[in-house]
Amino acid sequence: MPRPAILTVRTHGPGLTDITDCVSAALPPGDGVATVFLRHTSASLLIQENADPEVQTDLLAWLSRLVPPTTDPSMAYLTHTYEGPDDMPGHIKAALLPTSLSIPVIDGRMALGTWQGLYLFEHRDRPHDRQIVVAKT
Amino acid sequence: MPRPAILTVRTHGPGLTDITDCVSAALPPGDGVATVFLRHTSASLLIQENADPEVQTDLLAWLSRLVPPTTDPSMAYLTHTYEGPDDMPGHIKAALLPTSLSIPVIDGRMALGTWQGLYLFEHRDRPHDRQIVVAKT
Amino acid sequence: MPRPAILTVRTHGPGLTDITDCVSAALPPGDGVATVFLRHTSASLLIQENADPEVQTDLLAWLSRLVPPTTDPSMAYLTHTYEGPDDMPGHIKAALLPTSLSIPVIDGRMALGTWQGLYLFEHRDRPHDRQIVVAKT
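Note that the protein sequences, when read in sequence, are chains A, B and C.
Position 114 of the first sequence, counted from 1, bears residue number 470 in my numbering, the numbering being contiguous throughout.
Position 48 of the second sequence, counted from 1, bears residue number 404 in my numbering, the numbering being contiguous throughout.
Position 85 of the third sequence, counted from 1, bears residue number 441 in my numbering, the numbering being contiguous throughout.
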């Protein structure tokens, strides 16, 4: 097995960044399973629909209502707030959504469905450089 | 490693379909890890209790209240609605629940706990043929 | 590949137990992917921040509000209640949070980010002995 690759992805505040192509390019040939792992606890990885951008904005809107910023009165009981109102909600969203993805690979290509894309989901308000690790077994 | 297998599972509207046996039958002998991957973005895979069917109906009821159809006034802010009131909620549920499962295999058998079963969780109202990919590494 | 290892972890009621070191100790040398699997349906595995303990207590508080005990009037529609008010909520939390984790391994060490730890998340009120399976491929 080749050594796992570490990639850096720049995010631009809350929302999804398509990483399908950069993960695909990091895969060696042959059959197996691709493991994609995010080295952070206030962002997530996600497989979602790649066709209609409204799916992404709706998902972001729904999640922001389920886990509002700590400035929202409904979140006043939270204590981990000194890094900003988006900090603890970021950790909660990161608990609910995946930190790693496991995708079968056939002939060096991920066996994704037609409408599936791989995304990095940023939960913090500001842009971040996020590291992901790609391994194939 | 044998080539990953692609299986088709018929669902019958919202709820869980037990796929433990069909995944088990697709596994080659020996130790390793089974990866089960769903090629869709409005259904999920899930490991849950296999004993009391009330667990499944309660889980379905709870999730339907957390993510109601877009005909529910509380969901009026969503925009991706043209495929029906169960469409965007299906994508949200698919974000919250797993798209892939990774299960250690010992002597060709998944190392599941006594009360664990593997399920395909349909989020759309109508029956669908869903493709899952099973790989062993 | 060495045979997957089965470890037992004692929990102490609702909350997170750090399992990073015991999982690390079970990994054979070399590159690959570690799969950590929990053999239960009322507890979870989770990768979360390992620095500020407030993150863990806040996460527990948020999840307890999203999925309150079945003694809470808002949960009166649930039917699987005979094992106690923490039983069905435990299954719901176990559906929302991971049952397995997949982590790339470089030179025998998990490629975790600086602030990431591995946790067993108990959802039941009483202490339990929980089995986890660790495999490396």
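Note that the Cβ used here is the ideal one computed from N, Cα and C, for glycine as well.
For Pro441 of chain C and Pro425 of chain C, the rounded distance between their alpha carbons: For the purposes of this step, residue 425 of chain C is taken as residue 69 along the third sequence, with counting starting at 1. For the purposes of this step, residue 441 of chain C is taken as residue 85 along the third sequence, with counting starting at 1. If I take the Cα positions, the gap works out to 5 Å.
According to DSSP, is Arg421 of chain C part of a helix, a strand, or is it coil? As a working note, residue 421 of chain C is residue 65 in the third sequence. Arg421 of chain C: helix per DSSP, three-state reduction.
For Ser420 of chain A, which residues of its own chain have a beta-carbon under 7 Å away from its beta-carbon, when the five flanking residues on both sides are left out? Translated into the one-based positions of the first sequence, residue 420 of chain A becomes position 64. No residues qualify anywhere along the chain.
Should His368 of chain A go down as buried or exposed, given a rule of 16 or more other Cβ atoms within 10 Å for buried? Sequence index remark: in the first sequence, residue 368 of chain A carries index 12 (1-based). Result: exposed.
Below 7 Å on C-beta distance, what does Phe477 of chain A contact in chain F? You won't find chain F in this structure, because its protein chains are A, B and C.
Quick one, which of C:Val423, C:Ser458 and C:Pro454 has its alpha-carbon nearest Asp443 of chain C's? Residue 443 of chain C sits at position 87 when you count from the first residue of the third sequence. The shortest CA-to-CA distance from Asp443 of chain C to any of C:Val423, C:Ser458 and C:Pro454 is the one to C:Val423.
Going by CA-CA distance only, name the one from B:His436, B:Ile488, B:Asp428 and B:Tyr433 that's closest to Gly469 of chain A. One-based indexing of the first sequence puts residue 469 of chain A at position 113. Looking at the Cα atoms, B:Ile488 is the closest of the given residues.
Bridge partners of Tyr475 of chain A, per DSSP? For the purposes of this step, residue 475 of chain A is taken as the residue at position 119 of the first sequence. Residue pairing of Tyr475 of chain A in beta bridges, as defined by DSSP: A:Asp374 and A:Leu402.
Looking at the structure shown, is Thr413 of chain A part of a helix, part of a strand, or coil, going by DSSP? Translated into positions along the first sequence, residue 413 of chain A becomes position 57. Note: Thr413 of chain A maps to helix in three-state DSSP.
Mind checking whether Ala467 of chain A and Pro360 of chain B have CB atoms under 8 Å apart? For this step, residue 467 of chain A is matched to residue 111 along the first sequence. For this step, residue 360 of chain B is matched to residue 4 along the second sequence. Contact: yes.
Members of the segment 382-413 of chain B near chain A, C-beta cut-off 7 Å: Going along the segment 382-413 of chain B in chain order, one finds Thr391, Phe393, Arg395, His396 and Thr397 with a Cβ nearer than 7 Å to chain A.
Any idea what DSSP makes of Gly388 of chain C, helix, strand or coil? On the third sequence, position 32 is the one that residue 388 of chain C refers to. Annotated three-state conformation of Gly388 of chain C is strand, per DSSP.
Counting contacts by CB-CB distance shorter than 8 Å, is Gly446 of chain A in contact with chain B? Position 90 of the first sequence, counted from the first residue, corresponds to residue 446 of chain A. Interface with chain B (8 Å Cβ-Cβ cutoff): Gly446 of chain A is excluded.
Starting from Pro445 of chain B, trace the alpha helix (DSSP H) both ways and give me its first and last residue. For the purposes of this step, residue 445 of chain B is taken as the residue at position 89 of the second sequence. Residue range Asp443 to Leu452 is occupied by the alpha helix (DSSP H) that includes Pro445 of chain B.
Where does Pro429 of chain A sit, in a helix, a strand or coil, going by DSSP? The residue labelled residue 429 of chain A in the question sits at position 73 within the first sequence. Correct three-state label for Pro429 of chain A: helix.
Along the chain, where does the beta strand (DSSP E) containing Asp485 of chain C start, and where does it finish? Against the third sequence, residue 485 of chain C aligns to sequence position 129. Per DSSP, Asp485 of chain C belongs to the beta strand (DSSP E) from Asp485 to Lys492.
Per-residue contacts from Leu434 of chain A into chain C (C-beta, under 8 Å): Residue mapping note: residue 434 of chain A aligns to position 78 of the first sequence, counting from 1. Listed along chain C are Asp414, Ala417 and Trp418, each with a C-beta nearer than 8 Å to that of Leu434 of chain A.
Quick one: list the residues of chain A neighbouring Leu452 of chain B, beta-carbon separation under 8 Å, in chain order. Taking the second sequence and counting its residues from 1, the one referred to as residue 452 of chain B is at position 96. For the C-beta of Leu452 of chain B, the chain A residues within less than 8 Å are, from N- to C-terminus, Leu452 and Leu453.
Proximal residues of chain B, C-beta to C-beta of Arg482 of chain C below 7 Å: The residue given as residue 482 of chain C occupies position 126 in the third sequence. Correct list: empty, because the minimum Cβ distance to chain B is about 17 Å.
Using DSSP's beta-bridge definition, name the partner residues of Ala361 of chain C. Start at 1 with the first residue of the third sequence, and residue 361 of chain C comes out as number 5. Under the DSSP definition of a beta bridge, Ala361 of chain C partners with C:Val490.
Taking Met431 of chain A as the reference, which of A:Pro445, A:Trp418 and A:Pro409 has the closest Cα? As a first step, residue 431 of chain A is located in the first sequence; it is residue number 75 there, counting from the start. That would be A:Pro445, whose Cα lies nearest to the Cα of Met431 of chain A.
Interface partners of Thr494 of chain B on chain A, CB under 7 Å: This structure does not reach residue 494 of chain B, given that chain B is present from 357 up to 493, and the question cannot be answered.
Flag Ser380 of chain B as yes if its beta-carbon sits less than 8 Å from any beta-carbon of chain A, otherwise no. The count along the second sequence starts at 1 and reaches residue 380 of chain B at position 24. Residue-level contact by beta carbon fails for Ser380 of chain B and chain A, as no gap is shorter than 8 Å.
Inter-residue spacing [alpha-carbon to alpha-carbon] between Ser398 of chain B and Glu405 of chain A: For the purposes of this step, residue 398 of chain B is taken as residue 42 along the second sequence, with counting starting at 1. For the purposes of this step, residue 405 of chain A is taken as residue 49 along the first sequence, with counting starting at 1. Straight-line Cα distance between these residues: approximately 9 Å.
So Val365 of chain A and Thr373 of chain A are supposed to be a Cβ contact under 8 Å. How far apart are they, rounded? Residue numbering aside, residue 365 of chain A sits at position 9 when the first sequence is read from its first letter. Residue numbering aside, residue 373 of chain A sits at position 17 when the first sequence is read from its first letter. Contact flag correct, Cβ pair sits at about 6 Å.
How about Ala515 of chain A: is its C-beta nearer than 8 Å to some C-beta of chain B? Given that chain A is displayed from residue 357 to residue 493, the structure contains no residue 515 of chain A and the question cannot be resolved.
So, are the CB atoms of Val411 of chain C and His436 of chain A less than 8 Å apart? Here residue 411 of chain C refers to the residue found at position 55 of the third sequence. Here residue 436 of chain A refers to the residue found at position 80 of the first sequence. The answer is yes: Cβ separation under 8 Å.
Quick check on Pro454 of chain A: buried or exposed, where buried means 16 or more other Cβ atoms within 10 Å of its Cβ? As a position in the first sequence, residue 454 of chain A is number 98, starting the count at 1. Answer is buried; the Cβ neighbour count reaches 16.
Would you kindly report the start and end of the unbroken beta strand (DSSP E) that includes Leu457 of chain A? Here residue 457 of chain A refers to the residue found at position 101 when the first sequence is read from its first residue. DSSP places Leu457 of chain A in the uninterrupted beta strand (DSSP E) bounded by Ser456 to Ile462.
So Gly371 of chain C packs on Glu478 of chain C, CB below 8 Å; how close in whole Å? Locating residue 371 of chain C in the third sequence gives position 15, counting from the first residue. Locating residue 478 of chain C in the third sequence gives position 122, counting from the first residue. Under the criterion of beta carbons closer than 8 Å, Gly371 of chain C and Glu478 of chain C qualify as touching, at roughly 6 Å.
Short Cβ contact (8 Å threshold) for Thr493 of chain C with Val389 of chain B: Sequence index remark: in the third sequence, residue 493 of chain C carries index 137 (1-based). Sequence index remark: in the second sequence, residue 389 of chain B carries index 33 (1-based). In this structure, Val389 of chain B lies closer than 8 Å to Thr493 of chain C by Cβ.
Nearest to Pro385 of chain C by CA position, among C:Ala417, C:Ile375, C:Ile362 and C:Gly464, is which residue? Along the third sequence, one-based indexing puts residue 385 of chain C at 29. The alpha carbon of Pro385 of chain C has as its nearest neighbour, out of C:Ala417, C:Ile375, C:Ile362 and C:Gly464, the alpha carbon of C:Gly464.
Take Thr413 of chain A as the anchor and find which of B:Ile403, B:His396 and B:Tyr433 has the nearest alpha-carbon. For this step, residue 413 of chain A is matched to residue 57 along the first sequence. Among B:Ile403, B:His396 and B:Tyr433, the Cα nearest to that of Thr413 of chain A belongs to B:Tyr433.
Beta-carbon of Val489 of chain B versus every beta-carbon of chain A: anything under 8 Å? In the second sequence, residue 489 of chain B corresponds to position 133, counting from 1. Cβ-Cβ to chain A under 8 Å: yes for Val489 of chain B.
Run down chain A in chain order and give the residues with a C-beta less than 7 Å from the C-beta of Gly464 of chain C. As a first step, residue 464 of chain C must be located in the third sequence, where it is residue number 108. Among the residues of chain A, none has a CB under 7 Å from the CB of Gly464 of chain C; the nearest is roughly 12 Å distant.
Just how far apart, CA to CA, sit Lys449 of chain A and Val392 of chain A? Counting from 1 along the first sequence, the entry for residue 449 of chain A is found at position 93. Counting from 1 along the first sequence, the entry for residue 392 of chain A is found at position 36. Their backbone Cα atoms lie some 18 Å apart in a straight line.
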